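For any residue, its number in my numbering is found by taking its place in the sequence shown, counting from 1, and adding 2. Glycine is no exception: its CB is placed at the ideal position from the N, C-alpha and C atoms. As the structure is a prediction and not an experimental result, all values here were calculated from the model. All remarks here apply to the structure that follows.
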Amino acid sequence: MLGLYVHIPFCSAICNYCNFNRGLFDASLKEQYVQALLREIASQGDGSPADTIYFGGGTPSLLEPSEIAAIIQACRGAFAVTADAEVTMEANPETVTPGRLAEFREAGVNRLSYGVQSFRDEELQRLSRLHSASRAADAFAMARAAGFDNISLDLMMWLPQQTIAQWLESVDALIALGPDHASLYILELYPNAPLREAMARSKWSLAPDDDAAEMYLQAMARLDAAGYEQYEISNVARRGRESRHNLKYWADGEWLGFGCGAHSTRLGVRWKNLSSTTEYIAAVASGGQPGVEKRELSRREALEEALFTGLRLARGIDVHTVKTRYDADVWGIYGAALERFREAGLLIYDGRLLRLSRAGMLLANEIMSQFVGLPVVD
Ligand code: SF4
3 MLGLYVHIPF CSAICNYCNF NRGLFDASLK EQYVQALLRE IASQGDGSPA
53 DTIYFGGGTP SLLEPSEIAA IIQACRGAFA VTADAEVTME ANPETVTPGR
103 LAEFREAGVN RLSYGVQSFR DEELQRLSRL HSASRAADAF AMARAAGFDN
153 ISLDLMMWLP QQTIAQWLES VDALIALGPD HASLYILELY PNAPLREAMA
203 RSKWSLAPDD DAAEMYLQAM ARLDAAGYEQ YEISNVARRG RESRHNLKYW
253 ADGEWLGFGC GAHSTRLGVR WKNLSSTTEY IAAVASGGQP GVEKRELSRR
303 EALEEALFTG LRLARGIDVH TVKTRYDADV WGIYGAALER FREAGLLIYD
353 GRLLRLSRAG MLLANEIMSQ FVGLPVVD
């Protein structure tokens, strides 16, 4: 079944490390944008079954609940969205109130993903986030009170000046709240990130690489002990609370993306919408196609990507499924290049499932790079 992604590119302020497709909130631009989204969704609709809707951003929780409701309705009108579809909205803690949360729920949102990043105020300030740790905890409690029984919290590790012990304070605070799902990311500083300048100015440094590895391993061990199951390199969940939508990206599924900069992959074809919010609105308003860079994936690209993303999953890649789908013998093609990782205990292969060990997850990029460039045809 399809996943439907809806991009909302507005934020109240721009965080100093952020490299997403987003801009400052502008009420009139937002209204035009929502109209464009409704039109794009209707124009793409073909009644196909879909079982997830995901509002990502940006900060989708800056939209009015009535706007979120209208977009969900447009999805339901254009696609056969299942009655039990997972409908996720990313939210920033400072944007929610009990009343708005109740209205988002009424609108059809049944899963919230809060960008918390840290439960330590000084770290949040270094990241120029608008919320405090206590505001994040309050936002979580408000969501539970509003009836949300599927909540994810995002944290970021390896922050400027952060020690392993300080990072684990945030992990413990997350566990104490008891979300249904959590995503743990390592901060990646893109070349011109304003945070780099702030770090240079304030003489903030990053802990050594070995500490970053410890942060990851110790956090995952604590989450294991608290009853969470790691199902992807950066994601853990209570049983049955894995992100159904994000699994489509990792498990070789199909999805349509609406809004500026959104990607789609369907029937072996991939495309991306215009990144600029205003150009996207203009393209949709003139009846044109906001999708650009449309191209058919070659068998080799599709295979490599299925392997790349599949290896991110804790369950790994089912080589029998890959054989059926791509007529490719994974171990026959890549086994020689992967053997040293298996011998080092970083990769586990039992003849059917090929997966990373937890230590292997730390070296995922290096291991996955072995999938690129080898001849696919035996
Ligand atoms: S709220 Fe999220 S999307 Fe917006 S600027 Fe901050 S990190 Fe980027």
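Item                                                                                                                    : Value
Segment contact, 8 angstroms Cβ cut-off, at least three pairs: the region 64-73 with the region 90-109                  : yes
Proximity below 8 angstroms, CB of H133 to CB of P100                                                                   : no
3 or more residues per run - each beta strand (DSSP E) lying fully within the region 160-238                            : 183-188 and 231-234
T97 (DSSP reduced to helix, strand or coil)                                                                             : helix
Inter-residue CB distance, A143 and A104 (contact presumed, cutoff 8 angstroms)                                         : With 8 angstroms as the limit, A143 and A104 do not qualify as a contact, their Cβ atoms being about 14 angstroms apart.
Which of helix, strand or coil DSSP assigns to E295                                                                     : strand
Simplified DSSP assignment, three categories, for D380                                                                  : Low confidence applies here, because D380 scores a pLDDT of 38, under 50, leaving its location unreliable; read the following figure in that light. Of the three classes helix, strand and coil, the one that applies to D380 here is coil, per DSSP.
Whole-Å CB distance - T354 paired with V324, under 8 angstroms assumed                                                  : In the sequence under discussion, the amino acid at residue 354 is Arg, which differs from the Thr named in the question. Not a contact, Cβ separation roughly 11 angstroms.
One or two residues paired with D28 in a DSSP bridge                                                                    : Looking at the DSSP assignment, D28 forms no beta bridge with any residue, so it has no partner.
Closest residue to I335 among V8, R302 and M363 (Cα-Cα distance)                                                        : R302
Of the listed residues N112, D86 and P193, nearest to D151 (C-alpha basis)                                              : N112
Cβ neighbour criterion (16 or more within 10 Å) applied to D380                                                         : Only weak support is given to the placement of D380: the predicted model assigns it a pLDDT of 38, under 50, and the question is left unresolved by the model.
Spatial neighbours of A253 in its chain, beta-carbon cut-off 8 angstroms, leaving aside the 5 residues before and after : T311, G312 and L315
Element boundaries [beta strand (DSSP E), containing D53]                                                               : P51 to G59
Nearest-angstrom beta carbon gap, G117 and Y56 [assumed within contact, 8 angstroms]                                    : That pair is no contact at about 14 angstroms.
Assigned exposure category for V271 - 16 Cβ within 10 Å defines buried                                                  : exposed
Closer than 7 angstroms: F57 CB and nearest the ligand SF4 heavy atom                                                   : no
For I10, the residue or residues it bridges with in DSSP                                                                : G59
Residue interval of the alpha helix (DSSP H) (run including N21)                                                        : That residue, N21, is in no alpha helix (DSSP H); it is neither H nor E in DSSP.
Inter-residue spacing [alpha-carbon to alpha-carbon] between A209 and L161                                              : 8 angstroms
Distance cut-off 7 angstroms: G60 Cβ against heavy atoms of the ligand SF4                                              : yes
Coil, strand or helix - D156 by DSSP                                                                                    : strand
Same chain only: Cβ atoms within 8 angstroms of I369, ignoring 5 sequence neighbours per side                           : L313, L340, F343, L348, L349, L358 and G362
From Q163, E69 and A228, residue whose alpha carbon lies closest to that of L197                                        : Q163
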